[in-house]
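What follows is one structure encoded as structure tokens, with my remarks underneath.
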């Protein structure tokens with residue numbers, strides 16, 4: 004018998020890479036199935052007439068072609084198939100060390116809620132082919148914070164992602180010291196979660212330093228040193244980071260002097276530029292909730308003694324009112340007292356600098372509320 008011939012190639016329409024595809028062929032006399040070779044090539048003989056060719060390849064569009072072949076005719080078909088999927092490659096690394104994270108499960112969820120689970124290899128990678136559409140990438144690993152990302156896949160376009168996973172644990176470190184002398188202190192430290200449950204406790208080193216690993220979150224820390232006022236503070240720990248928090252400890256009879264608390268001339272009105280100083284004082288009071296403080300107002304010697312005493316009293320009360328009104332400090336913890344010019348630091352005053360040193364507000368720690376001596 005005399006035949007015609009059909010031959011050709013099948014390639015990826017985007018990459019032009021050859022494809023090993025299946026051809027289902029129906030000729031006027033018979034039907035058969037064949038595959039292209041490793042170069043994507045095919046060739047077969049047919050009886051004259053109309054031949055139907057169906058081309059199938061997983062993750063590619065299906066093509067159907069009708070060819071009329073005459074006697075002894077040779078027909079060439081070079082066919083390009085459009086991919087229906089795209090390669091997706093994701094690399095997961097530790098955000099701190101940049102080392103690959105292996106052995107974790109990665110959930111890839113499609114728009115219909117279907118989920119495929121992959122496990123990262125030693126190189127921290129997962130790879131697969133995804134059909135067009137939107138996908139949610141989710142990771143929940145024991146040592147890392149939950150992670151989620153949404154990707155959009157277009158057929159034939161490779162999606163390559165690098166994801167940095169944040170370690171669940173962070174380090175809290177710092178130093179405990181005498182707030183006046185800066186001398187390091189050995190302190191007992193207890194850490195509580197937001198529900199008041201004790202998480203861990205430790206003792207700072209002889210040089211006052213401490214370090215503790217905690218899961219990301221908010222904690223309350225109680226710091227105690229013999230003969231010092233216990234201190235409490237709220238600390239925020241970020242996973243994968245070094246979080247620094249120092250503790251300056253206070254004791255009774257300590258005096259802190261501020262010359263940068265300013266008032267309007269001859270008045271008890273606090274100037275706005277003084278607010279940051281008072282805000283820092285309020286923070287100390289909040290971190291030492293049992294501490295009772297005397298706010299002492301002092302003037303220079305210009306003006307009458309009576310006038311200066313009254314002015315210093317009003318200014319001390321203005322500071323107290325600011326701490327109570329703005330920061331909610333319990334007024335029973337604050338004692339306002341005006342000393343006028345009775346306790347000068349410099350005597351006699353000879354220069355403007357001497358006068359400035361005597362104009363000041365002092366905070367004297369006089370005791371602890373609710374603590375027996």
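In our numbering, the protein residues as written are 4 to 376.
Even for Gly, the Cβ is constructed at its ideal location relative to N, Cα and C.
All figures in this text were calculated on a predicted structure; none of them were measured in a lab.
Self-check item: Which of helix, strand or coil DSSP assigns to residue 232
Solution: When DSSP states are grouped into helix, strand and coil, residue 232 belongs to the coil group.
Quiz item: Considering only C-alpha positions, which residue in the set 355, 313, 39 is nearest to residue 25?
Solution: Distance from the Cα of residue 25 is smallest, within the candidate group 355, 313, 39, for 39.
Quiz prompt | Residue span of the beta strand (DSSP E) that contains residue 371, given as start and end | solution = Per DSSP, residue 371 belongs to the beta strand (DSSP E) from 363 to 371.
Quiz prompt | Presumed contact (8 Å Cβ cut-off) between residue 255 and residue 368, rounded CB distance | solution = About 5 Å separates the CB atoms of residue 255 and residue 368; that is less than 8 Å, so the two are in contact.
Quiz prompt | Delimiting residues of the alpha helix (DSSP H) encompassing residue 71 | solution = Unbroken run through residue 71 is the beta strand (DSSP E), 66 to 72; no alpha helix (DSSP H).
Quiz item: Who are the Cβ neighbours of residue 194 in its own chain at under 6 Å, not counting the five residues just before and after it?
Solution: Apart from sequence neighbours up to five positions away, the residues of its chain that approach residue 194 with a beta-carbon distance below 6 Å are 202, 203, 222, 224, ordered along the chain.
Quiz item: What is the DSSP secondary structure of residue 89, reduced to helix, strand or coil?
Solution: Three-state result, residue 89: strand.
Self-check item: The alpha helix (DSSP H) enclosing residue 332, as first and last residue numbers
Solution: Run containing residue 332: none; DSSP gives neither H nor E here.
Quiz item: By Cβ distance below 8 Å, which residues in the same chain neighbour residue 269 in space, the five residues on each side in sequence not counted?
Solution: These residues qualify, in order along the chain: 314.
Exercise. Entirely within the segment 133 to 214 and at least 3 residues each: give me those beta strand (DSSP E) ranges in chain order.
Key: For the segment 133 to 214, the continuous beta strand (DSSP E) assignments of 3+ residues that do not extend past its boundaries occur at 136 to 142, 150 to 156, 162 to 168, 172 to 181, 191 to 195, 201 to 206, in sequence order.
Self-check item: Where residue 143 falls, given that 16 or more other Cβ within 10 Å makes a residue buried
Solution: Taking a 10 Å sphere around the C-beta of residue 143, we find fewer than 16 other C-beta atoms and assign the residue as exposed.
Practice problem: Taking the CB atoms as reference points, tell me whether residue 240 and residue 199 lie closer together than 7 Å. | Solution: With a cutoff of 7 Å on beta-carbon distance, residue 240 and residue 199 are scored as not near each other.
Quiz item: Which partner residues does residue 279 have in the DSSP bridge list?
Solution: Beta-bridge annotation (DSSP): residue 279 is not paired with any residue.
Self-check item: residue 28: first and last residue of the uninterrupted beta strand (DSSP E) it sits in
Solution: Per DSSP, the continuous beta strand (DSSP E) segment holding residue 28 begins and ends at 25 to 29.
Exercise. Going by CA-CA distance only, name the one from 81, 127, 131, 7 that's closest to residue 72.
Key: The candidate whose alpha carbon is nearest that of residue 72 is 7.
Quiz item: How is residue 12 classed by DSSP in three states: helix, strand or coil?
Solution: Note: residue 12 maps to strand in three-state DSSP.
Quiz item: Since residue 331 and residue 312 are thought to touch, with beta carbons under 8 Å apart, how far apart are those beta carbons, to the nearest angstrom?
Solution: In fact, because the Cβ distance is near 30 Å, the residues do not count as touching under 8 Å.
Practice problem: State whether the segment 129 to 141 contacts the segment 102 to 115, with contact taken as three or more CB pairs (one from each stretch) at a distance under 8 Å. | Solution: Contact between the segment 129 to 141 and the segment 102 to 115 is present: 3 or more CB-CB pairs across the two stretches fall below 8 Å.
Quiz prompt | Segment contact, 8 Å Cβ cut-off, at least three pairs: the segment 121 to 132 with the segment 84 to 98 | solution = Yes, the segment 121 to 132 is in contact with the segment 84 to 98.
Quiz item: Between the segment 176 to 185 and the segment 149 to 167, are three or more C-beta pairs nearer than 8 Å?
Solution: As far as the Cβ criterion goes, the segment 176 to 185 does not touch the segment 149 to 167, which means the pair count is below three.
Practice problem: Starting from residue 289, follow its DSSP beta bridges and name the residues at the other end. | Solution: DSSP, once it has assigned bridges, lists no residue as partnering residue 289.
Quiz item: Just to confirm, are residue 365 and residue 260 a CB contact at a threshold of 7 Å?
Solution: For the 7 Å CB-CB criterion, residue 365 and residue 260 form a contact.
Practice problem: Return the CA-CA distance between residue 276 and residue 124, expressed in angstroms with no decimal places. | Solution: When rounded, the distance between both Cα atoms is 58 Å.
Exercise. Report the option in 49, 271, 242 whose CA atom is closest to the CA atom of residue 75.
Key: Proximity to residue 75 across 49, 271, 242 peaks at 49, based on C-alpha coordinates.
Quiz item: Three-state secondary structure (DSSP) at residue 248?
Solution: Coil at residue 248, not helix or strand.
Exercise. May I have the straight-line CA-CA distance separating residue 13 from residue 60, to the nearest angstrom?
Key: Roughly 10 Å between the two C-alpha positions.
Practice problem: With DSSP as the reference, label residue 315 as helix, strand or coil. | Solution: Look at residue 315 here: in three-state DSSP terms it is helix.
Exercise. State the Cα-Cα distance for the pair residue 346 and residue 249, rounded to the nearest angstrom.
Key: Using only the alpha carbons, I get a separation of about 33 Å.
Quiz item: Looking only at its own chain, which residues have a Cβ that is under 6 Å from the Cβ of residue 52, when we skip the five neighbours before and after it?
Solution: Only 31 meet the Cβ criterion.
Quiz item: Would you report the Cα separation of residue 89 and residue 135, rounded to the nearest angstrom?
Solution: When rounded, the separation of the alpha-carbon atoms in residue 89 and residue 135 is 7 Å.
Self-check item: Residue burial classification, residue 302 (beta-carbon count within 10 angstroms, cutoff 16)
Solution: Buried.
Practice problem: Return the bridge partner residues of residue 79 from the DSSP annotation. | Solution: According to DSSP, which records beta bridges pairwise, residue 79 is partnered with 10.
Quiz item: In the structure shown, what three-state DSSP assignment does residue 271 receive?
Solution: In the structure shown, the three-state DSSP call for residue 271 is coil.
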